[in-house]
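S.K.: First, the structure itself, so that you have it in front of you.
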Amino acid sequence: MRKPHVITGILIAIAAICWWTGFCIDNRVEAQTERSGVFRIGERLTYSISFDKFQNVAYAETYVVSKGKFNGKAAIEIQSKLKTLNFVTVGVMLLDAHRTALVSPTDGSVLFVKNVDKSAGIPIETTTNVTERAPGSFDLSSIIYKIRSTGGGGSFTMLENEKVYSVSFQTVGAETVRSDAGEFPANIVEVKSDYLVEFGITGLRISISTEESSVPVQFRVRTARGEFRALIASIQLDGPEPTPTPGSTPSNAARPTPRPSSTPAPYFDNQPLKGMPFGLGETLAYSVSSGPRQLGTIVLSAKERVLVNKKDSLVLTATVINENGGLFRVGNGIRSNVDPETLSPFDLSVKFDGPLESINRSVKFDPTSSKVILPSGESIDVPVGTQNILSLVYAIRLFNLEPSKDTTNPVNDTRVAVYWEGKAANIFTLKPSDQAVLTIGNAKVPAQPISMTTRIPTLDALEIKVWLSVDERRVPLRIVVGSYRLDLQIPNLVPQP
50 MRKPHVITGI
60 LIAIAAICWW
70 TGFCIDNRVE
80 AQTERSGVFR
90 IGERLTYSIS
100 FDKFQNVAYA
110 ETYVVSKGKF
120 NGKAAIEIQS
130 KLKTLNFVTV
140 GVMLLDAHRT
150 ALVSPTDGSV
160 LFVKNVDKSA
170 GIPIETTTNV
180 TERAPGSFDL
190 SSIIYKIRST
200 GGGGSFTMLE
210 NEKVYSVSFQ
220 TVGAETVRSD
230 AGEFPANIVE
240 VKSDYLVEFG
250 ITGLRISIST
260 EESSVPVQFR
270 VRTARGEFRA
280 LIASIQLDGP
290 EPTPTPGSTP
300 SNAARPTPRP
310 SSTPAPYFDN
320 QPLKGMPFGL
330 GETLAYSVSS
340 GPRQLGTIVL
350 SAKERVLVNK
360 KDSLVLTATV
370 INENGGLFRV
380 GNGIRSNVDP
390 ETLSPFDLSV
400 KFDGPLESIN
410 RSVKFDPTSS
420 KVILPSGESI
430 DVPVGTQNIL
440 SLVYAIRLFN
450 LEPSKDTTNP
460 VNDTRVAVYW
470 EGKAANIFTL
480 KPSDQAVLTI
490 GNAKVPAQPI
500 SMTTRIPTLD
510 ALEIKVWLSV
520 DERRVPLRIV
530 VGSYRLDLQI
540 PNLVPQP
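According to our numbering, the sequence shown is numbered sequentially starting from 50.
Structure follows, in structure tokens:
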């Protein structure tokens with residue numbers, strides 16, 4: 050049984066969507082005529098999960114793998130997985146979980162569950178033989194299929210940690226859901242439960258397609274923090290192709306009408322950014338110093354939005370434009386092409402001469418598969434939405450960095466997956482503090498200090514710290530890395546169009 054804290058924050062929201070807590074349900078569904086074909090062997094459903102304006106904060110998948118037997122009983126094997134994050138706080142948990150459930154094809158009840166949690170880096174496996182502990186009950190994998198099969202109306206009770214909750218669901222409307230997987234007429238099913246209320250969920254609605262397969266194409270979960278939305282990204286039905294019979298007459302059976310394919314819209318360079326605290330073309334110049342020594346100037350720029358390798362890309366750069374002291378050379382710097390809507394990176398190129406040459410690197414990011422590809426061709430699994438060091442400088446401006454009221458309980462610390470080097474991403478923790486007055490030259494500017502820990506000893510020894518402006522632009526005013534300091538040149542404090 051998972052501990053209650055594992056189903057807080059985003060996990061509660063997504064658990065309501067899908068499948069990862071280990072509670073049992075005593076089925077008391079009202080009499081309904083169940084639809085056939087809900088357990089379709091080979092059905093693979095993938096979902097992209099967003100939170101308010103933040104896209105791709107998590108990825109989820111269910112897969113009906115096979116049909117066989119468990120302890121002499123017919124069983125359907127369902128595999129599920131969930132990976133977060135784009136960014137998380139301790140209340141919105143980093144998660145990498147896989148689940149296998151064996152369910153009865155007769156009534157949909159669960160027989161056996163195996164969970165593998167990789168969130169801590171070391172896989173933790175738990176198993177539950179439900180037929181021995183609570184025969185005839187359900188887990189969240191089977192609940193979703195039960196809702197699909199009953200046509201969107203029913204009630205049942207749920208047992209979680211020895212506590213019973215009432216759960217009911219009913220169809221409350223209809224809508225058309227549009228996603229990358231297609232356009233779906235759907236019934237809206239509203240789910241109510243004192244369990245959801247207890248964990249801060251104020252609303253849960255599931256959109257079930259009206260097609261015979263009754264695919265859940267959208268989940269909407271309202272919380273005090275905002276709304277989570279899981280949208281169907283792809284629908285696959287794996288299986289062997291039928292072997293044609295020689296000389297057979299073609300069947301006149303009705304075939305599904307193919308969905309019309311849309312003509313791709315023409316691409317235009319330098320389209321405006323939406324939902325970002327900075328505009329396209331923003332340029333920020335920083336004076337670099339170490340104690341009294343002035344070492345040069347580095348310019349950060351969101352310079353253009355163009356197609357790079359056939360991907361709509363925002364080009365981010367950090368470039369040395371003058372130097373004095375030999376730390377770097379003019380033209381040295383960092384470049385990263387990122388998704389203009391999520392700031393998830395597609396690549397990273399770091400090129401410095403002199404003392405900083407050791408940090409040079411060139412890697413590619415595949416946000417779709419959540420992998421980093423090294424120059425050798427080796428790929429590394431990373432969390433969804435993993436940042437690099439340059440994209441993080443821009444992404445930090447999007448985060449909710451309100452300091453915790455209780456310093457002994459830093460609930461608003463933000464954790465971000467960042468790839469720096471080696472064979473894995475690291476989790477950077479951002480610790481926000483209260484607003485303070487920052488002195489840059491002769492100017493005094495209100496700013497919020499953000500301390501950063503990286504779990505990389507060489508970086509943590511540098512005590513990295515960032516000061517953000519307190520206006521809506523959230524401009525980095527000062528960045529401190531060890532003895533080096535980058536101060537924004539004051540003219541950049543004037544809002545740009």
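Virtual Cβ for every residue (Gly too), placed ideally from N, Cα, C.
Since this is a predicted model, take the numbers as computed values, not measurements.
1. State the CB to CB distance for the pair ALA150 and SER191, rounded to an integer number of angstroms; the pair is presumed to be in contact (CB under 8 angstroms).
2. Under three-state DSSP, which class holds PRO432?
3. Determine, using beta carbons only, whether PRO394 and GLN436 come nearer to each other than 9 angstroms.
4. Quick one: give me the first and last residue of the alpha helix (DSSP H) that LEU245 is part of.
5. For the putative contact between THR251 and THR272, defined by C-beta atoms under 8 angstroms, what is the C-beta separation to the nearest angstrom?
6. Taking the straight line between their C-alpha atoms, what separation do you get for SER262 and VAL87?
7. I'd like to check one pair, LEU450 with PRO481: are the Cβ atoms closer than 9 angstroms?
8. Quickly, what does DSSP pair THR111 with across the bridge? List them, please.
9. Three or more C-beta pairs closer than 8 angstroms, one from the stretch 495-513 and one from the stretch 315-333: is that the case here?
10. Determine the closest residue to ASN236 out of VAL221, TYR244, SER228 and GLU247, with distance taken between C-alpha atoms.
11. Compute the distance between the beta-carbons of VAL264 and SER228, then report whether it is under 9 angstroms.
12. Measure the beta-carbon distance from SER532 to SER339 and round it to whole angstroms, keeping in mind my assumption that it falls under 8 angstroms.
13. When the Cα of HIS147 is compared with those of VAL355, GLU174 and ILE193, which residue comes out closest?
14. State the DSSP-derived secondary structure class of PRO404, mapped to helix, strand or coil.
15. Is it right to say ARG527 is buried, meaning 16 or more other beta carbons lie within 10 angstroms of its own, or is it exposed?
16. Where are the alpha helix (DSSP H) runs, 4 residues long or more, that stay fully inside the stretch 461-531, in chain order?
17. Please state the DSSP three-state secondary structure of THR417.
18. Where GLY231 and GLY382 are concerned, what is the direct C-alpha to C-alpha distance, given to the nearest angstrom?
19. Go through its chain and collect everything with a Cβ distance to THR111's Cβ below 6 angstroms, but skip five positions before and after it.
20. By a C-beta neighbour count over all protein chains shown, 10 Å radius and 16 as the cutoff for buried, is LEU537 buried or exposed?
21. What's the C-alpha gap between SER419 and ALA107?
22. Do ASP430 and ILE422 come within 9 angstroms of each other at the CB atom, strictly closer than that value?
23. If you follow the beta strand (DSSP E) that ALA279 is in, where does it begin and where does it stop?
24. Taking 7 angstroms as the limit between beta carbons, can you name the residues of its chain near LEU405, skipping five residues before and five after?
25. Identify the continuous beta strand (DSSP E) that holds LEU363 and give its terminal residues.
26. For GLU470, count the other beta carbons within 10 Å of its own beta carbon; 16 or more makes it buried, fewer makes it exposed. Which is it?
27. Considering Cα atoms alone, identify which of PRO389, ILE125, SER411 and VAL348 is closest to VAL553.
28. So, is VAL379 buried or exposed, given that buried needs 16 or more other C-beta atoms within 10 angstroms?
29. Who does LYS163 pair with in a DSSP beta bridge?
30. Using only the alpha-carbon positions, how far apart do ARG362 and SER242 sit?
M.R.: The structure says:
1. Correct: roughly 7 angstroms between the Cβ atoms.
2. In this structure, PRO432 counts as coil in the three-state DSSP scheme.
3. It is a contact, given that the beta carbons lie within the stated cut-off.
4. Looking at the DSSP string, the run of the alpha helix (DSSP H) that includes LEU245 is 243-247.
5. By a beta-carbon distance limit of 8 angstroms, THR251 contacts THR272. Their separation comes to about 7 angstroms.
6. Roughly 6 angstroms between the two C-alpha positions.
7. Yes, these two residues count as a Cβ contact at 9 angstroms.
8. Beta-bridge partners assigned by DSSP to THR111: LEU94 and SER129.
9. Segments in contact, no.
10. Ranked by Cα distance from ASN236, the options VAL221, TYR244, SER228 and GLU247 are led by VAL221.
11. In this structure, SER228 does not lie closer than 9 angstroms to VAL264 by Cβ.
12. That belief holds up - the Cβ atoms of SER532 and SER339 are roughly 5 angstroms apart, short of 8 angstroms.
13. Looking only at VAL355, GLU174 and ILE193, the smallest Cα-Cα distance to HIS147 is reached by GLU174.
14. Helix, per DSSP.
15. Buried.
16. Within the stretch 461-531, the complete alpha helix (DSSP H) runs of at least 4 residues are 506-509.
17. If DSSP states are grouped into helix, strand and coil, THR417 belongs with coil.
18. Their backbone Cα atoms lie some 42 angstroms apart in a straight line.
19. Only LEU94 and SER129 meet the Cβ criterion.
20. When all chains shown are included, LEU537 counts as buried.
21. Answer to the nearest angstrom: the Cα atoms are 11 angstroms apart.
22. For ILE422 and ASP430, no; Cβs fall outside 9 angstroms.
23. 275-286 is the extent of the beta strand (DSSP E) around ALA279.
24. Taking LEU405 as the centre and dropping the five residues before and after it, the same chain places the C-beta of LEU376 and PHE377 closer than 7 angstroms to its C-beta, in chain order.
25. For LEU363, the enclosing beta strand (DSSP E) has its first and last residue at 360-372.
26. GLU470 should be labelled exposed.
27. Residue 553 falls outside the range modelled here, since the chain spans only 50 to 546, and no answer is possible.
28. So VAL379 ends up on the exposed side.
29. The partner list for LYS163 (beta bridge, DSSP) reads THR149 and THR176.
30. The residue you asked about is not Arg; residue 362 is Ser in the sequence shown. SER362 and SER242: Cα-Cα distance of roughly 43 angstroms.
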